[in-house]
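Peer 1: In UniProt numbering, the protein residues as written are 1 to 194. The structure is given below, and queries will be raised subsequently.
Okay, structure coming up:
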């Protein structure tokens, strides 16, 4: 089971992005390329903590210790993409493997639901909304996504949109922290766990 990120630890800097799963074939005769895309894209990030107090250093050190290197997973909140406006108790209607869109139900009928760049989390997997989306009269919303759905999502699965997160793991079994007389700092790399 994924650990919860400690609420008191906020990085001073964060590098965040997607690693897509595409393959390219380049012709030796004409240099023309053919590209094929597969499901399996994942989030990756680097969290940098510039100035940690002794209490924060202890908390971060203990948290990284509980992860047990690459073995453990945790839910990393999307610190900059939290929402405050509720649009209903959202659930998956359909979300098939390899699709780049999902139908979500339970939204406020005939109202805007998502803006460009909103994050949503379903069963630990986080997606970014790529186009604005509004609910129809039945409260259903078709949402275009930034990456392919890895495996078919269960109908009725809850959609977290107020506090989205991505289930992550460390990219390495080793980590270290720079400790100075008053403060500590460190930088840690993670990737989406699946």
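Where is the CB? At the ideal position from N, CA and C, for every residue including glycine. Quick caveat: nothing in here was measured; it's all calculated off a predicted structure.
Report the start-end ranges of each beta strand (DSSP E) in the region 112-170 that is 3 residues or longer and not cut off at the edges.
Peer 2: With a minimum length of 3 residues, the continuous beta strand (DSSP E) runs that stay inside the region 112-170 are 112-114, 119-122, 125-128, 141-144 and 165-170.
Peer 1: Which of the three DSSP states is assigned to residue 51 in this structure?
Peer 2: Translated into positions along the chain shown, residue 51 becomes position 51. Strand, per DSSP.
Peer 1: How is the beta strand (DSSP E) around residue 87 delimited, first residue to last?
Peer 2: Here the question's residue 87 lines up with position 87 in the chain shown. Careful: residue 87 lies outside any beta strand (DSSP E) and carries neither H nor E.
Peer 1: Please name the residue, chosen from 181, 183 and 177, that lies closest to residue 189 on a Cα-to-Cα basis.
Peer 2: Numbered from its first residue, the chain shown carries residue 189 at position 189. When only C-alpha atoms are compared, the closest one is 177.
Peer 1: Would you call the region 91-99 in contact with the region 164-173, where contact means no fewer than 3 C-beta pairs closer than 8 angstroms?
Peer 2: Flag = no, the region 91-99 and the region 164-173 do not touch.
Peer 1: Determine whether the beta carbon atoms of residue 167 and residue 150 lie at a separation below 8 angstroms.
Peer 2: Numbered from its first residue, the chain shown carries residue 167 at position 167. Numbered from its first residue, the chain shown carries residue 150 at position 150. No, these two residues do not count as a Cβ contact at 8 angstroms.
Peer 1: What's the gap between the Cα of residue 7 and the Cα of residue 130?
Peer 2: On the chain shown, position 7 is the one that residue 7 refers to. On the chain shown, position 130 is the one that residue 130 refers to. Distance between the alpha carbons of residue 7 and residue 130 is about 28 angstroms.
Peer 1: Checking 8 angstroms against the spacing of the C-beta atoms, do residue 95 and residue 108 come in under that value?
Peer 2: To locate residue 95, count along the chain shown from 1; it is residue 95. To locate residue 108, count along the chain shown from 1; it is residue 108. No.
Peer 1: Beta carbon of residue 43, beta carbon of residue 192: below 8 angstroms?
Peer 2: As a first step, residue 43 is located in the chain shown; it is residue number 43 there, counting from the start. As a first step, residue 192 is located in the chain shown; it is residue number 192 there, counting from the start. Yes, the pair counts as a contact, with Cβ atoms nearer than the cut-off.
Peer 1: When DSSP labels each residue in this structure, what does residue 71 get in the three-state scheme?
Peer 2: Taking the chain shown and counting its residues from 1, the one referred to as residue 71 is at position 71. Here residue 71 sits in coil by DSSP.
Peer 1: I'd like the list of long-range same chain contacts for residue 41, defined as Cβ closer than 6 angstroms, with 5 residues on each side in sequence excluded.
Peer 2: Position 41 of the chain shown, counting from 1, holds the residue named residue 41. 18, 20, 21 and 147.
Peer 1: Give the straight-line distance between the Cα atoms of residue 118 and residue 4, rounded to the nearest whole angstrom.
Peer 2: For the purposes of this step, residue 118 is taken as the residue at position 118 of the chain shown. For the purposes of this step, residue 4 is taken as the residue at position 4 of the chain shown. Each residue's Cα considered, the two are about 21 angstroms apart.
Peer 1: Name the two residues that bound the continuous beta strand (DSSP E) containing residue 177.
Peer 2: If you number the chain shown from 1, residue 177 lands on position 177. Run containing residue 177: none; DSSP gives neither H nor E here.
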